[in-house]
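Undergrad: Chains as they are written, first to last, in my numbering: chain A, 28 to 326; chain B, 28 to 326; chain C, 28 to 326; chain D, 28 to 326. We put the CB at the ideal spot given by N, CA and C, even for glycine.
Protein chains: 4
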Amino acid sequence: MFFSLCYSLIEMQKKILKSDILKEVIKERPSHSNKTNYGRILLICGSKPFGGAAIMATKSVVNTGAGLVTLASDPINRTAMLSTIPEAMFADYYDRKNLSNMTKKADVILIGSGLEDSDFSEELIQETFSILTANQFLVIDGTALSMIGKRHLRIPQKPTSVLTPHQGEWERMTGLKVSEQTADANFLEMQKIGADYLILKSNASEIYAQKNPDQYNQLTIGGPFQAVGGMGDTLAGIVAGFLGQFRHDPFLTIQAAAYLHSWIAKQLSKQNYIALPTRISDQIPSAMRQITLASEQNN
Amino acid sequence: MFFSLCYSLIEMQKKILKSDILKEVIKERPSHSNKTNYGRILLICGSKPFGGAAIMATKSVVNTGAGLVTLASDPINRTAMLSTIPEAMFADYYDRKNLSNMTKKADVILIGSGLEDSDFSEELIQETFSILTANQFLVIDGTALSMIGKRHLRIPQKPTSVLTPHQGEWERMTGLKVSEQTADANFLEMQKIGADYLILKSNASEIYAQKNPDQYNQLTIGGPFQAVGGMGDTLAGIVAGFLGQFRHDPFLTIQAAAYLHSWIAKQLSKQNYIALPTRISDQIPSAMRQITLASEQNN
Amino acid sequence: MFFSLCYSLIEMQKKILKSDILKEVIKERPSHSNKTNYGRILLICGSKPFGGAAIMATKSVVNTGAGLVTLASDPINRTAMLSTIPEAMFADYYDRKNLSNMTKKADVILIGSGLEDSDFSEELIQETFSILTANQFLVIDGTALSMIGKRHLRIPQKPTSVLTPHQGEWERMTGLKVSEQTADANFLEMQKIGADYLILKSNASEIYAQKNPDQYNQLTIGGPFQAVGGMGDTLAGIVAGFLGQFRHDPFLTIQAAAYLHSWIAKQLSKQNYIALPTRISDQIPSAMRQITLASEQNN
Amino acid sequence: MFFSLCYSLIEMQKKILKSDILKEVIKERPSHSNKTNYGRILLICGSKPFGGAAIMATKSVVNTGAGLVTLASDPINRTAMLSTIPEAMFADYYDRKNLSNMTKKADVILIGSGLEDSDFSEELIQETFSILTANQFLVIDGTALSMIGKRHLRIPQKPTSVLTPHQGEWERMTGLKVSEQTADANFLEMQKIGADYLILKSNASEIYAQKNPDQYNQLTIGGPFQAVGGMGDTLAGIVAGFLGQFRHDPFLTIQAAAYLHSWIAKQLSKQNYIALPTRISDQIPSAMRQITLASEQNN
Numbered sequence: 028m029f030f031s032l033c034y035s036l037i038e039m040q041k042k043i044l045k046s047d048i049l050k051e052v053i054k055e056r057p058s059h060s061n062k063t064n065y066g067r068i069l070l071i072c073g074s075k076p077f078g079g080a081a082i083m084a085t086k087s088v089v090n091t092g093a094g095l096v097t098l099a100s101d102p103i104n105r106t107a108m109l110s111t112i113p114e115a116m117f118a119d120y121y122d123r124k125n126l127s128n129m130t131k132k133a134d135v136i137l138i139g140s141g142l143e144d145s146d147f148s149e150e151l152i153q154e155t156f157s158i159l160t161a162n163q164f165l166v167i168d169g170t171a172l173s174m175i176g177k178r179h180l181r182i183p184q185k186p187t188s189v190l191t192p193h194q195g196e197w198e199r200m201t202g203l204k205v206s207e208q209t210a211d212a213n214f215l216e217m218q219k220i221g222a223d224y225l226i227l228k229s230n231a232s233e234i235y236a237q238k239n240p241d242q243y244n245q246l247t248i249g250g251p252f253q254a255v256g257g258m259g260d261t262l263a264g265i266v267a268g269f270l271g272q273f274r275h276d277p278f279l280t281i282q283a284a285a286y287l288h289s290w291i292a293k294q295l296s297k298q299n300y301i302a303l304p305t306r307i308s309d310q311i312p313s314a315m316r317q318i319t320l321a322s323e324q325n326n
Numbered sequence: 028m029f030f031s032l033c034y035s036l037i038e039m040q041k042k043i044l045k046s047d048i049l050k051e052v053i054k055e056r057p058s059h060s061n062k063t064n065y066g067r068i069l070l071i072c073g074s075k076p077f078g079g080a081a082i083m084a085t086k087s088v089v090n091t092g093a094g095l096v097t098l099a100s101d102p103i104n105r106t107a108m109l110s111t112i113p114e115a116m117f118a119d120y121y122d123r124k125n126l127s128n129m130t131k132k133a134d135v136i137l138i139g140s141g142l143e144d145s146d147f148s149e150e151l152i153q154e155t156f157s158i159l160t161a162n163q164f165l166v167i168d169g170t171a172l173s174m175i176g177k178r179h180l181r182i183p184q185k186p187t188s189v190l191t192p193h194q195g196e197w198e199r200m201t202g203l204k205v206s207e208q209t210a211d212a213n214f215l216e217m218q219k220i221g222a223d224y225l226i227l228k229s230n231a232s233e234i235y236a237q238k239n240p241d242q243y244n245q246l247t248i249g250g251p252f253q254a255v256g257g258m259g260d261t262l263a264g265i266v267a268g269f270l271g272q273f274r275h276d277p278f279l280t281i282q283a284a285a286y287l288h289s290w291i292a293k294q295l296s297k298q299n300y301i302a303l304p305t306r307i308s309d310q311i312p313s314a315m316r317q318i319t320l321a322s323e324q325n326n
Numbered sequence: 028m029f030f031s032l033c034y035s036l037i038e039m040q041k042k043i044l045k046s047d048i049l050k051e052v053i054k055e056r057p058s059h060s061n062k063t064n065y066g067r068i069l070l071i072c073g074s075k076p077f078g079g080a081a082i083m084a085t086k087s088v089v090n091t092g093a094g095l096v097t098l099a100s101d102p103i104n105r106t107a108m109l110s111t112i113p114e115a116m117f118a119d120y121y122d123r124k125n126l127s128n129m130t131k132k133a134d135v136i137l138i139g140s141g142l143e144d145s146d147f148s149e150e151l152i153q154e155t156f157s158i159l160t161a162n163q164f165l166v167i168d169g170t171a172l173s174m175i176g177k178r179h180l181r182i183p184q185k186p187t188s189v190l191t192p193h194q195g196e197w198e199r200m201t202g203l204k205v206s207e208q209t210a211d212a213n214f215l216e217m218q219k220i221g222a223d224y225l226i227l228k229s230n231a232s233e234i235y236a237q238k239n240p241d242q243y244n245q246l247t248i249g250g251p252f253q254a255v256g257g258m259g260d261t262l263a264g265i266v267a268g269f270l271g272q273f274r275h276d277p278f279l280t281i282q283a284a285a286y287l288h289s290w291i292a293k294q295l296s297k298q299n300y301i302a303l304p305t306r307i308s309d310q311i312p313s314a315m316r317q318i319t320l321a322s323e324q325n326n
Numbered sequence: 028m029f030f031s032l033c034y035s036l037i038e039m040q041k042k043i044l045k046s047d048i049l050k051e052v053i054k055e056r057p058s059h060s061n062k063t064n065y066g067r068i069l070l071i072c073g074s075k076p077f078g079g080a081a082i083m084a085t086k087s088v089v090n091t092g093a094g095l096v097t098l099a100s101d102p103i104n105r106t107a108m109l110s111t112i113p114e115a116m117f118a119d120y121y122d123r124k125n126l127s128n129m130t131k132k133a134d135v136i137l138i139g140s141g142l143e144d145s146d147f148s149e150e151l152i153q154e155t156f157s158i159l160t161a162n163q164f165l166v167i168d169g170t171a172l173s174m175i176g177k178r179h180l181r182i183p184q185k186p187t188s189v190l191t192p193h194q195g196e197w198e199r200m201t202g203l204k205v206s207e208q209t210a211d212a213n214f215l216e217m218q219k220i221g222a223d224y225l226i227l228k229s230n231a232s233e234i235y236a237q238k239n240p241d242q243y244n245q246l247t248i249g250g251p252f253q254a255v256g257g258m259g260d261t262l263a264g265i266v267a268g269f270l271g272q273f274r275h276d277p278f279l280t281i282q283a284a285a286y287l288h289s290w291i292a293k294q295l296s297k298q299n300y301i302a303l304p305t306r307i308s309d310q311i312p313s314a315m316r317q318i319t320l321a322s323e324q325n326n
């Protein structure tokens, strides 16, 4: 009753995201800067069967230009990650003391891509959540989202949090069936959960901010060429990489991250039946450059 | 006696496959779809010495755009697979309980590419065959085919089955020497075996359907640039990937899969003495896009 | 005394290799053929510290279009090989019974690239040499050559043998200092050793045939852009791959293999300061195609 | 007091590096040469968590055209290195006797990229430092630099030494805060430490020679597109690779190495928001060729 009441009161407006979001967020780097200015990103991702998800997320973090990137994962994923993205560092997530230290030092923590639903994963999530402080960003993806619902975990309030569920994960997290995932219902659930930002992935992804009850953004440039495994891991990596660099306005930043991801996919889809996640990732540096180049030419 | 009688009665007609089979099968994806609409594919492939076969098959499944792809294999192949195709998941096939669960949930099971002839492989094959149900597709490739003949295994009748032997494997499976592999003889063996579809690979591959005793299809665009190791594993992967997505008419679907495979190889052969299997695989997304693009332009 | 006598008697003539050797050897494949027509190649290469040599040799065998390629090596090299060339199979060379079986079945055996000088390597070499029969080709490369000199191993007479030393290895094998490596001296040593063919690598490599005491071939298209580690391993792989396919006249075949290798390197050197071995390897299929294409257009 | 006195006495002059440094150093190779003419490079790099740094450094050494390249590292990094750069050899750095032998034979030793700060690393560094002789080059990078400061290690005086710290490492090494890192102060610290050359990396890197107290070089073509992890490891590799080949005047050689690194990065930045270290590395052979090609055309 209360919720349906709120529902009618909120009357959220939808805003369709346009490409100008990219120019608003992706700016040329100042000359006097070094890698520590572009974020220390820690991914806590990738159980034994799902190492590829962790690798794809790490690859896209690196490709955004994040300063220092570490994947903490099951050590079974070490060699494949190193072979694929030597730019990133690797940590064994069973070394909890080290993980805890790294978590404290990170600017952005991405947790959940390729984690399996297990007691160990729950421990990792809980401990991570308990450590984080106000100046950190927390991106929660994949199974970590389903586990929050199933295992009644609480999202920490100190860090700025971003959830990146697809519709199925959102359902498992909140109980809202896909047909019930209206903007207002989504926003209310987000309020209950206490997340700061929500990217609800679908064929027309929606982006919500806790601070912004009147309006949400919709992404209309995605397409079914993105309907393949690994797409979400790649997005989560872009979101984390962007938050490491563009911290001025996180809401704009995650909008730009989501837009860029689909924008590259759409470009690829002109020549490809599907946009493979690793190929999207490969295009991140050139796509970001197209944006700053266009800005230069307009000035 | 009986066979030669049947032989004369059947009088199978040969139909040469044309490129229009690609347009009939490869359709633009509907906007409102997600990865679960494009099939959950399980590969049970790759013993210790033949991990590359499993990797090539997995790579081509992923490249067709299949939704969720898992390779169940000897764990020794895990890191190489992850390094090559992070888009796929990996399972240890010695964890039989997990394998059995995954088998039940899969839409398409590809078994045999790079399996060695062993008692363990026989157990894997038998257990897989015993689990499958009516709504599933089963692609049997490589050594699994030879083992069916040698070890007198029976192809399960519940799932829709596709066999992808080359002439040597077909001989080991059926006892038919290459010189005896006439269309009618092939069809009769297929009937005895109880397979639904047969792709008999050669320099002019033939495609048979149990339901279609009057006619078989022949592929005339292949060439000797395909005569290298790994070619069949790549085809098996395309067949499995296509069955995960284009389920309307499996006979047409496997024709398109085989046609696409040779079509890409032929394109590559214009610039290359041989068409390396991994390079064929890399071209799948763009080749499929050429088809839908041509369809768009005609409408 | 005897040797200097022979020296003056032989008076070997030098013939400069021209590009027409490529057209003489690299022919379009007949349509009715399959991978078993293009050779079963076994590489016995790669000790623990030198796995890369084995991988580069294997990669270039595969890229020539050889039918079935297996690398027998230290198992520590398995995953890197699978990640790099899934088209090849892998065998643990400590499984001596299996290795012996594979050796018997192979058409071409390449031994020595990346083998370390050890008692175990000597055992491998000796056992391989003892198994080989008249219809097989044996390519001996790298440390296996130095070991033949140092450990007084005898080259087997049944298979057709090809040695691929660089000048330093030839010195370690024969005792001939680089300054003493005249054509006649080289030929005499080759006679003593009992090898059928010799590719003596240098900045102007020379190719000798036991059956051809009057003349040797020289390669003048190589260059210092080839002076990097791994160059010889790549050549050995091309030689082995070619012997698997073009068996009509082995002397011509190895000339074409050596020529192709330097021809690709030279092409690369137009745009690159050095011709990296793995990039040479990547170009093999297209370079071979250029040859058959030119032949087509002339007919 | 003494230092500020010296400061005013030295009055170092700044020279901006121009692209002609590339032509001065990168020369076409003489025809009569082989890989042993281009240096035996040993990298002692890469602890467990930082294998990627070692891989990137090794990759760039190979790509410069160095003759024989070996990475001595934690064996956990072996497979990823082999998968990425088969042109290089690998040694387990726990095998100290072998490492000591290889160190003696190397022309250039690069130590420190991706080493962790540990007692074991200190042992490695100390032993390496104690072995080196007058004809060898020693490049010290990464954590080895911080450890020199923190653990009071002494740079060996026999080999020609090059330090490649970024400003933070230079601070940890010398105690000089970034704001205090003036040319004169840097030079004085370098004198105290006893290093022959210093590349002090920043957004405008500076290059010093012990023998040259009047002048230092500055690199003004770098940019913030280089502010990503792995950039320094790639530079260290280019420096080591160049010292293996261009030994005439080491001061010029390291200037050219640093210039080339930023020059490639700048080229990449025209099309890419950031210049990924591994992509810079891939461009080394073609960039070096551009230089010799330009020299050819001018003659």
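Quick one: residues in its chain with C-beta nearer than 7 Å to the C-beta of A/Phe30, no 5 flanking neighbours on either side, listed in chain order?
TA: With a pLDDT of only 44 at A/Phe30, under 50, the local geometry of the prediction cannot be trusted, and the value read off the model is given with reservation. Excluding the 5 residues flanking it on each side, A/Phe30 has same chain C-beta neighbours closer than 7 Å at Leu215, in chain order.
Undergrad: Quick check on A/Ser127: buried or exposed, where buried means 16 or more other Cβ atoms within 10 Å of its Cβ?
TA: Looking at its Cβ environment, which holds fewer than 16 other Cβ atoms inside 10 Å, A/Ser127 is exposed.
Undergrad: Taking 8 Å as the CB-CB limit, is C/Thr106 close to chain A?
TA: yes
Undergrad: DSSP state of A/His59, grouped into three classes?
TA: coil
Undergrad: What do you reckon, are the CB atoms on D/Leu227 and D/Asn213 nearer than 8 Å?
TA: yes
Undergrad: So the candidates are D/Pro304, D/Glu150, D/Lys50; which of them puts its Cα closest to the Cα of D/Gly259?
TA: D/Pro304
Undergrad: Can you give, in chain order, each stretch of the alpha helix (DSSP H) that sits fully within the region 59 to 110 of chain A and has at least 4 residues?
TA: DSSP runs (the alpha helix (DSSP H)) wholly in the region 59 to 110 of chain A: 78 to 91.
Undergrad: Using Cβ-Cβ distances below 9 Å, what residues of the region 68 to 90 of chain B are close to chain C?
TA: Lys75, Pro76, Phe77, Gly78, Gly79, Ala80, Ala81, Ile82, Met83, Lys86
Undergrad: Helix, strand or coil: how does DSSP classify B/Cys33 here?
TA: Interpretation of B/Cys33 is limited by its pLDDT of 46, a score under 50 that renders its predicted location unreliable; the figure taken from the coordinates is listed afterwards. B/Cys33 falls in the helix class under three-state DSSP.
Undergrad: Using a Cβ-Cβ cutoff of less than 6 Å, which residues in the same chain neighbour B/Pro102 once the five nearest sequence positions on both sides are dropped?
TA: Around B/Pro102: Asp119.
Undergrad: Which runs of the beta strand (DSSP E) fall wholly inside the region 107 to 133 of chain B and span at least 3 residues, in chain order?
TA: 116 to 119
Undergrad: For D/Arg338, count neighbouring Cβ atoms within 10 angstroms of its own Cβ and tell me buried if that reaches 16, exposed if not.
TA: The question about residue 338 of chain D has no answer, for chain D in this structure spans 28 to 326.
Undergrad: State the beta-bridge partners of C/His193 as determined by DSSP.
TA: According to DSSP, C/His193 bridges with C/Lys228.
Undergrad: Curious, which full-length beta strand (DSSP E) runs of at least 3 residues does the region 242 to 323 of chain C contain?
TA: 242 to 245
Undergrad: At what residue ranges does the region 158 to 216 of chain D contain a whole run of the alpha helix (DSSP H), taking only runs of 4 or more?
TA: 170 to 177, 194 to 201
Undergrad: Counting Cβ pairs, one atom from each stretch, are 3 or more of them under 8 Å apart for the region 241 to 256 of chain D and the region 190 to 208 of chain D?
TA: no
Undergrad: Between the region 236 to 264 of chain D and chain A, which residues of the former have a C-beta closer than 8 Å to a C-beta of the latter?
TA: Gly250, Pro251, Phe252, Ala254, Val255, Gly256, Gly257, Met258
Undergrad: By the criterion of Cβ-Cβ separation under 7 Å, what are the contact partners of A/Asn213 in chain B?
TA: Here the premise fails: no neighbours, minimum Cβ distance about 17 Å.
Undergrad: Check whether the region 285 to 294 of chain C and the region 103 to 117 of chain C touch, using three or more Cβ-Cβ pairs below 8 Å as the test.
TA: no
Undergrad: Residues in the same chain with beta-carbon distance under 8 Å from A/Arg306, minus the five sequence neighbours each way, listed in chain order, please.
TA: Leu295, Asn299
Undergrad: Compare the C-beta of C/Tyr286 against all C-beta atoms of chain D and say whether one is closer than 8 Å.
TA: no
Undergrad: Have a look at C/Ile138, C/Ile82, C/Gly271, C/Arg316 and flag the residue whose alpha-carbon is nearest the alpha-carbon of C/Asn162.
TA: C/Gly271
Undergrad: Can you tell me which residues form a DSSP beta bridge with D/Ala236?
TA: D/Tyr224
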